[in-house]
Amino acid sequence: MNFIASLAVQAIKELYQVEIEESAVNIQETRKEFDGQVTVVTFPFTRYSKKSPEQTGSEIGDYLVAHASEISSYNVIKGFLNLSLTDEFWLQALHEELLKPDFEDIPKNGKRVMIEYSSPNTNKPLHLGHVRNNLLGFSVAAILEAAGYEIIKANLVNDRGIHICKSMLAWEKFGNGETPESTGLKGDKLVGNYYVRFDKEYKKEVEALIASGKSEEEAKKEAPLMLEAQEMLRKWEAGDHQVIHLWKQMNAWVYKGFEETYEKMGIAFDKVYYESDTYLLGKDIIEEGLSKGVFFKKQDNSVWIDLTADGLDEKLVLRGDGTSVYITQDLGTAQLKYDDYHMDNSIYVVGNEQDYHFKVLFLILKKLGKSWAEGLYHLSYGMVDLPSGKMKSREGTVVDADDLMAEMVETAKQRTEELGKVDDFSEQEKEVLYEMIGLGALKYFLLKVEPKKRLLFDPNESIDFQGHTGPFVQYTHARIKSVLSKGAYHEEPFDVQPAGLEASERELIKELVKFKSVIVSAANDYSPAIIANYVYEIAKLYNKFYHEVAILKAEDVRLKEFRLNLSAATAKVISKGMGLLGIQVPERM
RNA sequence: GCCUCGGUAGCUCAGUUGGAUAGAGCAACGGUUUUCUAAACCGUGGGUCAGGGGUUCGAAUCCCUUCCGGGGUACCA
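Take 5 as the starting number for the first sequence in my numbering and just add one per residue.
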């Protein structure tokens, strides 16, 4: 569509003797209710023409039609110049953009980007909040890869700390030697139960202490369980054999559980970092900052940075006793990641509750003069809330990831059986299909919403399978595949030039040829939602086309061939687009 | 208090660097199948784009301000 902008620039120059930038030409899609496909907004040009918007539009319109064979006609409504492009133009675009085997390839741009996501704690199973994080990370990685980046998918596992000790301690005290094998529980679930158990017992102790006259603050600090957990953390840091053994064993249970969940979810990583390996990093960066005068020391030896000039606060970066805080570790880990991969960009997929933390982290790295700090980006997303409010693992008010996925698959099964279209499938084929649809519905539901928006999930209201949903798009794909197979379609060079395009065909082509630019803008915005909405639009337009024109029973063979090709191109875009969301599409459903 | 992100139809969401009469889905109502998959299609109703001001040919979009909601503002992570 670029030729229209440059031609418009030419027109302004010749008609009104004014030189303008191409970017000053506002081009948009023509709204449905008007004739044409592309619209140039001509209001801004009236200052050059010194004429009415209508007259200006006509003059430019005449010029464009005279100078571009692709433009067949125009109409002017107020300051809008609506252009109709020839059918040949659209067919050509379809041909060039979509009917090649490597149609979706965007050349590599030579840039490397790391995307860190998931980053679970090993004291509890994954819940719906993690699901959003995982799907976002995986999808953004796929989108960036499609846009030409080299991708490293990283996971930073939070495998140590006081919260891990809490579940360890509770298991030691109340577990009676339970194991995943002895209980039949998934490892992460088993460990999660003890995390909840700790909280329960701890609260009892606190209440007892309060009853005996302590203040709430004192009680929370002095409860024996808390003291024991802290002692356990000290032993862990000292390398105590028994504690380390227990830690390794319980983490191993959790990892096995996570693996199952990740596999079901269909996500994976190229590199896993463990906080137990990285938590001591960052101290040399503190030294560096002190010597550069970026940080300063207080009387108690604690180290700070003053960010008040940047509108933030003073921030502690190292405790007075020399131990790390969260940001110390993150400073060190950021350096480690860069040393490992020398990437151009590094993306952190982390909830918006940590917006401030990342703002500070990136700012500190810039102040330290790290050349790579410019490439850091916090992909912040909104929390997933229940109607009752926030999910809290400790209180057990969470939507469990495994349960949710299983429910979705079950619903998909019921739906599919009711419709009875795949009764001839083998049991195994059915299982595969149910998973594809159930997970497709879930993933689409979570990804179609702009990441930064908060998401409300009502467990009592099931996720839809109709309308603006994953299954709708999947269904459209299956429908196309069915037509293609009945039409004995096989990919081959096509040169069919139908006498004239139907409106529904033109609309579909117009949307299809946007595919690559949509990938690019989704990559620039780190937004799977853009892909999700685009793919939905494609599916809708295809269904309209499908209902309005006959494909297999087209008037003549050439027309049928063309429509089969158009269908095949649509299927490719749907399949590839859904793939960018981590959603598979079936041949039949 | 300060910082930050949200607020668009009953509900869930789209809405490009400011552009035409603000769009989808769900829910409601009505229609479409002897014809390529009805998980579909077509139609009807439904709006103070949170409120107010400003910038301009033009504002859901940019600026200011008020209100409502989330999050942050820890020697927690």
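Ideal Cβ positions, reconstructed from N, Cα and C, are used throughout, including at glycine. From a predicted model like this one, the values you see are computed outputs, not experimental measurements.
Under the DSSP definition of a beta bridge, which residues are partnered with Val80?
Leu85
Taking just the CA atoms, how far does Ile156 sit from Leu340?
-> 14 angstroms
Margin query: Less than 8 angstroms between C-beta atoms, sequence neighbours within five positions excluded: which residues of the same chain meet that for Ser392?
Written below: Thr401
field: Asn569, buried or exposed, once every other Cβ within 10 Å from all chains shown has been counted against 16
entry: buried
What's the gap between the Cα of Val161 and the Cα of Val539?
33 angstroms
Grouping DSSP H, G and I as helix and E and B as strand, with all else coil, what is Phe273? coil
Which stretch, first to last residue, makes up the alpha helix (DSSP H) that contains Trp175?
166 to 178
Checklist entry - From which residue to which residue does the alpha helix (DSSP H) around Ala377 run? => result From DSSP, Ala377 is part of no alpha helix (DSSP H); its letter is neither H nor E.
Which stretch, first to last residue, makes up the beta strand (DSSP E) that contains Val42? 42 to 45
Using CA atoms only, rank isn't needed, just tell me which of Tyr530, Ile578, Ser508 is closest to Glu552. Ser508
- Query: How close, in whole Å, do the beta carbons of Ile587 and Lys370 come, if the pair is a contact with beta carbons under 8 angstroms?
  - Reply: About 37 angstroms; that fails the 8 angstroms criterion.
Please report the straight-line C-alpha distance between Asn86 and Phe49, rounded to a whole angstrom.
15 angstroms
Per DSSP, what are the beta-bridge partners of Gly293 in this structure? According to DSSP, which records beta bridges pairwise, Gly293 is partnered with nothing at all.
So, with DSSP's three-state summary, where would you put Lys456?
coil
I want to know whether the segment 130 to 145 touches the segment 165 to 172 - three or more CB-CB distances under 8 angstroms.
no
Please list the terminal residues of the continuous alpha helix (DSSP H) segment that includes Ala215. 191 to 215
Self-check item: DSSP-derived helix/strand/coil call for Val426
Solution: coil
**Prompt:** Taking just the CA atoms, how far does Tyr493 sit from Leu390?
**Reply:** 47 angstroms
- prompt: Leaving out five residues before and five after Lys514 in sequence, what residues of the same chain have Cβ atoms less than 8 angstroms from its Cβ?
  reply: Glu33, Gln41, Trp94
query = Among residues of its own chain, excluding the 5 on either side of Phe476, which ones have a beta-carbon nearer than 7 angstroms to its beta-carbon?
reply = Gln470, Ala543
For Pro57 and Thr337, the rounded distance between their alpha carbons
58 angstroms
Original post:
In chain order, what residues of the same chain have a beta carbon less than 7 angstroms from the beta carbon of Thr90, not counting five sequence neighbours either side?
Top reply: Glu74, Ser76
Report, in whole angstroms, the separation of the C-beta atoms of Thr574 and Ile484, which I expect to be a contact under 8 angstroms.
6 angstroms
**Message:** Assuming contact is defined by CB atoms lying nearer than 9 angstroms, are Phe273 and Ala158 in contact in what I supplied?
**Reply:** yes
inquiry  = Checking 9 angstroms against the spacing of the C-beta atoms, do Ala15 and Leu68 come in under that value?
reply    = yes
| message | In whole angstroms, give me the CA-to-CA distance for Ser384 and Asn356. | response | 5 angstroms
query: Should the segment 426 to 443 be called in touch with the segment 452 to 459, which here means at least 3 C-beta pairs below 8 angstroms?
result: no
Based on Cα-Cα distance, which residue from Glu226, Met230, Lys204, Glu205 lies nearest to Leu213? Glu226
Quick check on this structure: which residue in Tyr381, Ala12, Val200, Val517 has the alpha carbon closest to the alpha carbon of Gln358? Tyr381
Candidates Lys580, Thr46, Glu454, of which the one nearest Ile110 by Cα: Lys580
- Task: My understanding is that Met172 touches Trp251, with C-beta atoms under 8 angstroms, so please give their C-beta distance in whole angstroms.
- Result: 6 angstroms
*Between which two residues does the alpha helix (DSSP H) carrying Met118 extend?*
Here Met118 belongs to no alpha helix (DSSP H); instead the beta strand (DSSP E) covers 116 to 120.
* Asked: Just the Cα atoms here: how many angstroms apart are Gln333 and Asp106?
  -> 43 angstroms
Practice item. Whole angstroms is fine: what's the gap from Leu450's alpha carbon to Leu365's? Key: 28 angstroms
Beta-carbon proximity list for Asn138, same chain, < 7 angstroms, skipping 5 on both sides
Tyr121, Ser122, Met269, Ile271
Checklist entry - Based on the DSSP output, what are the partners of Ile155 in its beta bridges? => result Val117
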